[in-house]
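**Q** What follows is a single structure, and I will ask about it in a moment.
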Amino acid sequence: MKPDVCWQLPIRRSQEWVTRPDGTEILKTTLTEYDRRGWGSGGADLHWYCTGDPAAHVGTKQVWQSLADELTELLGEKAYGELAAMCKRRSQLGLIAVHPATRAAQ
């Protein structure tokens, strides 16, 4: 059986319980990229799916589009819909800073 993380790559999900000022607890879920540092000392050998590799920056779709199924599974349909709407609005503003691996892939 594969570890749960296998179907999520290159998305990295972390979860932690957070106590709010009123004493209620919520489960905070954070989605980010899996970079080589996320794997510890063995990460240097895992270039083939880490987001810092230029080969990971050649797709014709943005990540929120190409990984829609994975993001929907991790976030739920409603939250993914919100994410997609925010990404659509943000994409109309142009790039402020280009990821170094995207620049290397060009």
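Positions in the sequence shown are counted from 1; adding 143 to them yields this note's numbering.
Glycine included, each C-beta is placed from N, C-alpha and C at the ideal position.
#1: Quick one: is Thr194 buried, meaning 16 or more other Cβ sit within 10 Å of its Cβ, or exposed?
#2: For the beta strand (DSSP E) containing Lys171, name the first residue and the last one.
#3: Just to confirm my understanding: we take Thr173, look at its own chain, exclude 5 residues before and 5 after, and list those with CB closer than 6 Å. What are they?
#4: Using the three-state DSSP reduction, which class does Gln235 fall into: helix, strand or coil?
#5: Measuring only the C-alpha atoms, how far is Ile239 from Lys204?
#6: How big is the Cα-Cα spacing for Ala228 and Glu216?
**A** Concretely, from the data shown:
#1: buried
#2: Glu168 to Glu176
#3: Ser157
#4: coil
#5: 18 Å
#6: 17 Å
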